[in-house]
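Undergrad: Structure provided below as structure tokens; questions to follow.
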Amino acid sequence: MIVELPRDVRDVLVSDPKKLDAVVHTGRRAYLIGVAVGQANVFFFAKDGQQILTLEVRIERDLSAVSKMLHRLLPGSNIKLEAVNDNVVLTGSVRNASDASRAADIAGRLVDDEDNKKIVNMLNVESKEQVLLKVTVAELQRNTIKQLGFDLNVLLNGGSVSFAKLSTLRFPFTDGVQQSVAQSALSWTSGANRAQAVVQALEQNNLLRTLAEPTLTAISGETASFLAGGEFPVPVSQDGDRISVEFKPFGIGLSFTPVVMSEGRISLAVSTEVSELTNEGAVTLAAITIPALKVRRANTTVELPSGGSIAIAGLISDETKQAMTGYPGLKNLPVLGALFRSRDFEKSETELVVLVTPYVVDPAARSKLSRPDDGFATASDAKANLMGHMNRVYGRKPEDMPNGTYKGEYGFIIE
587 MIVELPRDVR DVLVSDPKKL DAVVHTGRRA YLIGVAVGQA NVFFFAKDGQ
637 QILTLEVRIE RDLSAVSKML HRLLPGSNIK LEAVNDNVVL TGSVRNASDA
687 SRAADIAGRL VDDEDNKKIV NMLNVESKEQ VLLKVTVAEL QRNTIKQLGF
737 DLNVLLNGGS VSFAKLSTLR FPFTDGVQQS VAQSALSWTS GANRAQAVVQ
787 ALEQNNLLRT LAEPTLTAIS GETASFLAGG EFPVPVSQDG DRISVEFKPF
837 GIGLSFTPVV MSEGRISLAV STEVSELTNE GAVTLAAITI PALKVRRANT
887 TVELPSGGSI AIAGLISDET KQAMTGYPGL KNLPVLGALF RSRDFEKSET
937 ELVVLVTPYV VDPAARSKLS RPDDGFATAS DAKANLMGHM NRVYGRKPED
987 MPNGTYKGEY GFIIE
């Protein structure tokens, strides 16, 4: 800064030389040079000791180069930079949240503040993009259980030798599935010698399919969550020997945080979980049984275009259990040893696949939306009694037609 003085100056006093330096070039001209960001006062005195001029100087960063670069790198934005002491304040507006984050990052690097601790981001986002996330959670479980055992009773010449049942099912399949055990009696008689056995056999296959297709919408930068399942009670000890109940969620859960970037790309943090109650690992306290949770969980952060999909697959579990019991020595006999041993076998296979597809969406007018009960009307008594119809299907008239292009019958249909 150049200072022109009305009179010749003899003395110059600077309050903080670490912030500002003053150089007298001629009797009536002085140069002020900023050394560091901050504030300082400068006093000019004439030859007779009279004070000529007092300046309060604020030394700030030169942000003109940073401002030009932001306008060049982020077209369509209106960004203003202001320096306050050693801090930089960003004001104005940008097109999306991604541009706001980039502007703060660029300004921080150009002012030697990589952690952005000195950057105050006050930018407004002109349009709040909304992201619709379509998720498909598909799980397939297959269980196979086999059991083969013998209950053998032998009577020889009036004496009796009895063999108790060798084993029961070591891996009980009790999740609401009725066990079916085939029993057949085998007997052998030769004069006074008689032997009778009961064969217990079980073979059971179980197939379970789980499918959920939640759809969520969230503003860019915000978090949305979804849970299709329930909550189970868990007792919690309190002061004074009291017990309270807390509820823990289980089922199919989804949480995602989208950030819309430039050119329609979406940075997506997805957390999905499939959990179910199980007796394995359950805890029993006095007369209270607390079930355990069988959980399959996946967390990931990806970048996708609008309408692009990603599959979280490979979540495969294969578990096999097998037990062989019998009488020592006898169970190892060739051929006849099968009568003195029992075999239990259980195999469990699980595969889980999660498909994720984000879309950048805009709000729609109320007139463009349809309710699920559009076109629903109760069937007449004649059709209900004679034809077994529960509803009538409307939509034949143009004014009754829902939005969109449809072929065939439409509306709320119950078959």
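Residues in the sequence shown are numbered from 587 upward in steps of one, following this note's numbering. Beta carbons are placed, not taken as given, at the ideal position from N, Cα and C, and that holds for glycine.
List the residues that DSSP assigns as beta-bridge partners of ILE638.
TA: ILE638 is not bridged to any residue.
Undergrad: Using beta-carbon positions only, say whether GLY735 and SER928 come within less than 8 angstroms of one another.
TA: Going by C-beta atoms, GLY735 is nearer than 8 angstroms to SER928.
Undergrad: Sorted by chain position, which residues of the same chain lie with C-beta nearer than 7 angstroms to VAL623's C-beta, five sequence neighbours on each side aside?
TA: Cβ neighbours of VAL623 beyond the five flanking positions: ILE645, GLU646, ARG647, ASN671, ASP672.
Undergrad: If you reduce the DSSP assignment to three classes, tell me which class ALA693 lands in.
TA: Helix at ALA693.
Undergrad: Per DSSP, which one or two residues make a beta bridge with ASP825?
TA: Answer is none; ASP825 lacks a bridge partner.
Undergrad: Got a sec? Which residues, its chain only, sit under 7 angstroms from ILE660 by beta carbon, not counting five neighbours each side?
TA: The sequence given here places Leu at residue 660; Ile does not occur at that position. So the list reads VAL680, ASP685, ARG688, ALA689, once near-sequence residues are dropped.
Undergrad: Can you grab the Cα-Cα spacing for the pair ASN627 / ASP597, in whole Å?
TA: Roughly 14 angstroms separates the two Cα atoms.
Undergrad: For ALA868, count the other beta carbons within 10 Å of its own beta carbon; 16 or more makes it buried, fewer makes it exposed. Which is it?
TA: Its Cβ having fewer than 16 others within 10 Å, ALA868 is exposed.
Undergrad: On the three-state DSSP scale, how would you describe LEU788?
TA: In the structure shown, LEU788 sits in a strand (DSSP, three-state: E or B).
Undergrad: At 3 residues or longer, and completely inside the segment 596-641: list those beta strand (DSSP E) runs for me, N to C.
TA: Segments of the beta strand (DSSP E) lying fully in the segment 596-641: 597-600, 606-612, 615-620, 624-631.
Undergrad: Can you give the Cα-Cα distance for GLU817 and ALA878, rounded to whole angstroms?
TA: Using only the alpha carbons, I get a separation of about 12 angstroms.
Undergrad: Taking Cβ positions only, does ASP691 come closer than 8 angstroms to chain D?
TA: No chain D is part of this structure, which consists of one protein chain only.
Undergrad: Considering only C-alpha positions, which residue in the set PRO819, GLU808, ARG851 is nearest to SER841?
TA: If we check each option's Cα against that of SER841, GLU808 comes out closest.
Undergrad: Nearest-angstrom Cα distance between ALA951 and LEU719?
TA: If I take the Cα positions, the gap works out to 20 angstroms.
Undergrad: Using a threshold of 8 angstroms, state whether the C-beta atoms of VAL721 and VAL942 are closer than that.
TA: Against a cut-off of 8 angstroms, the Cβ pair of VAL942 and VAL721 comes out as a contact.
Undergrad: Can you grab the Cα-Cα spacing for the pair ASN682 / SER663, in whole Å?
TA: Their backbone Cα atoms lie some 9 angstroms apart in a straight line.
Undergrad: Output needed for LYS666: all residues of its chain with C-beta closer than 7 angstroms, excluding positions within five of it in sequence on either side, in chain order.
TA: The answer, listed in chain order, is THR677, GLY678.
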